[in-house]
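Residue numbers (my numbering), protein chains in the order written: chain A, 6 to 120; chain B, 3 to 120. The beta-carbon is built from N, C-alpha and C at its ideal position, and this holds for glycine as well. Given the structure is predicted, the values throughout are model-derived calculations rather than measurements.
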């Protein structure tokens, strides 16, 4: 039973355009949501996070939007650059329950930005 | 060290053999995590250590898997009697606090240990 779902395994975007990566979750107790980026043969690296009390967080070209009522978040990258080509993982954590520090990850979306 | 260090980076073993994977977390990080990523899959949680608390082993797939951590330093993940379905990249991560209570719990990952079981 997946608590964090990324339904699009891949996304292809033209350089300079907007990339929108989507993530859905089922656990309403999640407090924080994070996006990680992973290049081949490297570990995932943290990109941006958002608290469940906010609906938007922006950092340079990256913006994360959270819609709690829909249990949906999205990562917007604009403008997209070829170096953004990577696998993007959505993750969530909860302040409640037995695993307070654990991050639950989605399966990832592979973004390809074409020059 | 500056980052999370994992060894070996690659391990090829025969079915039925035991393997040990090592993780050196960032100095001062109290929380340490093991995840694995099988081909075409997402990151699967295995085990989580937080300070002196009992580890959360809820993600370990079978009793062939075990992990230890010495204080707040090195951790070893051991897989006994390896099977082909154990083939994956095993990722270790650490974080300063290990809880979302004080903000987003940002994990820093190592590059992983790629395990291939023949």
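Per DSSP, cross-strand counterpart(s) of residue i
| i | result |
| --- | --- |
| residue 122/A | Chain A is shown only over 6 to 120; residue 122/A falls outside these bounds and no answer can be derived. |
| residue 77/B | 25/B, 71/B |
| residue 54/A | 39/A |
| residue 119/A | 19/A |
| residue 62/A | 69/A |
| residue 38/B | 46/B, 92/B |
| residue 117/B | 13/B, 90/B |
| residue 58/B | 50/B |
| residue 110/B | 96/B |
When the options are compared against residue i, the one with the closest alpha-carbon
| i | options | result |
| --- | --- | --- |
| residue 49/A | 31/B, 93/B, 82/B | 93/B |
| residue 107/B | 113/A, 64/A, 40/A | 40/A |
| residue 29/B | 49/B, 57/B, 96/B | 96/B |
| residue 89/A | 80/A, 116/A, 99/A, 97/A | 116/A |
| residue 74/B | 83/B, 64/B, 98/B, 13/B | 98/B |
| residue 115/B | 26/B, 109/B, 4/B, 66/B | 26/B |
| residue 13/B | 109/B, 46/B, 110/B, 86/B | 86/B |
| residue 50/B | 69/B, 9/B, 91/B | 69/B |
| residue 55/B | 42/B, 48/B, 71/B | 71/B |
| residue 109/B | 112/A, 87/A, 96/A | 96/A |
| residue 3/A | 9/A, 44/A, 24/A | Residue coverage of chain A in this structure runs from 6 to 120, which leaves residue 3/A outside it and unanswerable. |
| residue 107/A | 11/B, 33/B, 15/B, 18/B | 33/B |
| residue 120/B | 18/B, 9/B, 37/B | 18/B |
| residue 57/B | 39/B, 35/B, 65/B | 35/B |
Residue i versus residue j: straight-line alpha-carbon distance, rounded
| i | j | result |
| --- | --- | --- |
| residue 46/A | residue 85/A | 22 Å |
| residue 24/B | residue 89/B | 16 Å |
| residue 93/A | residue 69/A | 13 Å |
| residue 118/B | residue 120/A | 35 Å |
| residue 4/B | residue 31/B | 12 Å |
| residue 58/A | residue 36/A | 8 Å |
| residue 109/A | residue 98/A | 6 Å |
| residue 42/B | residue 91/A | 14 Å |
| residue 22/A | residue 82/A | 8 Å |
| residue 62/B | residue 46/B | 9 Å |
| residue 48/B | residue 18/A | 34 Å |
| residue 60/B | residue 55/A | 26 Å |
| residue 7/B | residue 113/B | 7 Å |
| residue 26/A | residue 7/A | 18 Å |
| residue 63/A | residue 53/B | 32 Å |
Touch check for the region 73 to 82 of chain B and the region 7 to 25 of chain B: three-plus C-beta pairs under 8 Å?
-> A contact exists between the region 73 to 82 of chain B and the region 7 to 25 of chain B.
For the region 74 to 81 of chain A against the region 16 to 35 of chain A, are there 3 or more C-beta pairs whose distance is under 8 Å?
-> They touch, by the three-pair rule.
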